[in-house]
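Numbering (UniProt numbering), first residue to last: 1 to 62.
Written out as structure tokens, the structure reads:
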């Protein structure tokens, strides 16, 4: 399993360090907020691309 070029041992080490810094109580809340942020960022990018796609489709039709 590789995620961003990191293998399983590296990911486990990162999770362990996060648990040490933030504790087991705050970690799920942080993960939720990071997930929401990525969703908003992704939807912002896709919404930004939609007008360009419409212009491209119109120019191809003639």
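Glycine included, each C-beta is placed from N, C-alpha and C at the ideal position.
No experiment lies behind these values; they were computed from the predicted model shown.
Would you kindly work out how many angstroms separate the C-alpha atoms of residue 27 and residue 38, rounded to a whole number? Along the chain shown, one-based indexing puts residue 27 at 27. Along the chain shown, one-based indexing puts residue 38 at 38. Taking the Cα positions, residue 27 is about 16 Å away from residue 38.
Whole runs of the beta strand (DSSP E) within the segment 7-36, excluding any shorter than 3 residues: none
Using the Cα positions of residue 9 and residue 16, report the straight-line distance between them to the nearest angstrom. Here the question's residue 9 lines up with position 9 in the chain shown. Here the question's residue 16 lines up with position 16 in the chain shown. About 11 Å.
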